[in-house]
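Residues in the sequence shown are numbered from 1254 upward in steps of one, following our numbering.
Structure first, commentary second.
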Amino acid sequence: KPVSSSDDTKPSFFQTMMILFKARVVSLLVLSAVGGAFLGAGGWPGWDILGLTILTGWLAASGSSALNQYLERKSDAQMNRTHHRPLVDGTITNPKWVPWVALAMIVVPVVWTATFNPALSFWLAAGAFIYVVIYTIWLKPRTPVNIVIGGAAGSAAVLAGAAAAGMWNQPGAIVLALLVFLWTPTHFWSLAIVYRNDYAKGGIPMLPVVIPARKAAFWVLLHTMGTALAAVVLALDPALGLIYLVPVALVTIDMLLRNVRLTRVPTGKNARSLFMASNFYLMIVLVMICVNAAIQI
1254 KPVSSSDDTK PSFFQTMMIL FKARVVSLLV LSAVGGAFLG AGGWPGWDIL
1304 GLTILTGWLA ASGSSALNQY LERKSDAQMN RTHHRPLVDG TITNPKWVPW
1354 VALAMIVVPV VWTATFNPAL SFWLAAGAFI YVVIYTIWLK PRTPVNIVIG
1404 GAAGSAAVLA GAAAAGMWNQ PGAIVLALLV FLWTPTHFWS LAIVYRNDYA
1454 KGGIPMLPVV IPARKAAFWV LLHTMGTALA AVVLALDPAL GLIYLVPVAL
1504 VTIDMLLRNV RLTRVPTGKN ARSLFMASNF YLMIVLVMIC VNAAIQI
């Protein structure tokens, strides 16, 4: 049963929409697509390509996020971390419009871009399908490796950006897509270690729920090492150089050290530290790709 928000704590319409459409998560996905666009273009992609990448990526990712919340509203109600979401706490009193608006946000850019850039249309559709159908509906409630496959949705965002620039199969874009794929379990499993009891209450078999935290931290470390390797390989892209490599090397070392500490002392505090660092890590990687590719030093 939804818990009604009191008048003095009721969020604004803007705050409600930010939560419903997962603005923070979507912003990182859009930045991933922008990074893909810079790599696909081999440098500055142009304002038109950037606008196309941001608009279509934001619409498709936001629609997918809203569908995810609509489909998970019952399990969200069982978890302390998510019971405040607007489809659970009664902030959105009539949620029937949510899936239709969310579907439109996915379908419109997919159909529109199919008329002039089929590759972009494909990767937008693939990202939404992986996240909503394969991850949310099929894998998440059934298997502890759900997020491993779900990470492909982030990879699709990268390739959508590269496709917008006209070259989705550019080697650097493919390596960045692999980096995002490997980074995703590090990011979400570290969060799941923090909220392992919450996920158990919600009936979601995340890896840290079904195995001890120390073993989960080891699996996180394997993915962090893979992410680090992909980040180094990405430095070989002709559009990148020292402006990319130096800061990325520093944040890579920091994330690895935090992960090693988590494997030694698998506490919620150390897991949260790694989770926050992983957010910062991907942001730095993507920003440095854009900066370095734009000036091509």
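By construction, the Cβ of each residue, glycine as well, lies at the ideal position given by its N, Cα and C atoms.
Asked, Found
"Under 8 Å by Cβ, that's how I've got Pro1397 and Leu1460 pegged, so tell me the actual separation to the nearest angstrom.", "4 Å"
"Cβ of Ala1483 within 7 Å of Cβ of Leu1435?", "yes"
"Looking only at its chain, what residues have a beta carbon closer than 8 Å to the beta carbon of Ile1345, apart from the 5 residues adjacent to it on each side?", "Thr1269, Leu1273, Pro1339, Val1351"
"How many angstroms separate the CA atom of Pro1255 from the CA atom of Gly1343?", "Residue confidence for Pro1255 is low, a pLDDT of 46 falling below 50, so the modelled location carries little weight and cannot support an answer."
"Using only CA atoms, which one of Gly1403, Ile1402, Ile1427, Asn1399 lies nearest to Val1411?", "Ile1427"
"Where in the stretch 1489 to 1544 do unbroken runs of the alpha helix (DSSP H), each at least 4 residues long, occur, reported from the N-terminal end onward?", "1495 to 1517"
"Assuming Val1385 is part of the alpha helix (DSSP H), what are its boundary residues?", "Run containing Val1385: none; DSSP gives neither H nor E here."
"Please classify Asp1301: is it buried, with 16 or more other beta-carbons within 10 angstroms of its beta-carbon, or exposed?", "exposed"
"Taking all protein chains shown into account, decide if Trp1421 is buried (16 or more other Cβ within 10 angstroms of its Cβ) or exposed.", "buried"
"Looking only at its chain, what residues have a beta carbon closer than 7 Å to the beta carbon of Ile1402, apart from the 5 residues adjacent to it on each side?", "Ile1387, Tyr1388, Leu1392"
"Would you mind working out which of Gln1549, Leu1373, Gly1455 sits nearest Leu1498, comparing C-alpha positions?", "Gln1549"
"Ignore the nearest five residues each way along the sequence and tell me which others in Ala1367's own chain have a CB closer than 7 Å to its CB.", "Ser1374"
"Please return the same chain residues whose Cβ sits closer than 7 Å to the Cβ of Ser1258, not counting the five positions on each side in sequence.", "No answer about Ser1258 holds up, because its pLDDT of 44 lies below 50 and its placement is not dependable."
"Could you name the residues of the same chain whose beta carbon sits closer than 7 Å to that of Leu1282, not counting the 5 residues immediately before and after it, in chain order?", "Gly1310, Ala1314, Gly1407, Ala1410"
"Using 8 Å for Cβ pairs, my map puts Ile1496 next to Asn1545. What's the rounded Cβ distance?", "4 Å"
"Between which two residues does the alpha helix (DSSP H) containing Arg1277 stretch?", "1276 to 1294"
"Could you give the first and the last residue of the continuous alpha helix (DSSP H) run that contains Ala1406?", "1405 to 1417"
"Going by beta-carbon coordinates alone, are Thr1516 and Thr1477 separated by less than 7 Å?", "no"
"Considering Thr1480, what are the terminal residues of the alpha helix (DSSP H) in which it resides?", "1466 to 1487"
"Could you check the C-alpha separation between Val1364 and Leu1510 for me, to the nearest Å?", "45 Å"
"Which class does Asp1342 belong to by DSSP, given the choice of helix, strand or coil?", "coil"
"Would you call the CB atoms of Ile1359 and Gly1316 closer than 7 Å?", "yes"
"Any idea what DSSP makes of Thr1335, helix, strand or coil?", "coil"
"For Asn1321, report the span of its alpha helix (DSSP H) as first-last.", "1300 to 1324"
"Quick one: residues in its chain with C-beta nearer than 6 Å to the C-beta of Asn1523, no 5 flanking neighbours on either side, listed in chain order?", "Arg1514, Leu1515"
"For Asp1260 and Asn1512, I'd like the C-alpha separation in whole angstroms.", "Below a pLDDT of 50, predicted positions are generally treated as unreliable, and Asp1260, at 47, falls in that range; the measurement from the model is reported next regardless. One C-alpha to the other measures close to 42 Å."
"Below 8 Å on the Cβ atoms is my contact criterion, and I expect Gly1296 with Ala1547 to pass it. Report the Cβ-Cβ distance as a whole number of Å.", "6 Å"
"Leaving out the 5 sequence neighbours to the left and right, which residues in its chain are closer than 6 Å to Ala1330 when beta-carbon positions are compared?", "His1336, Val1341"
"Please identify the residue among Ala1294, Ile1390, Val1287 whose C-alpha is closest to the C-alpha of Glu1325.", "Ile1390"
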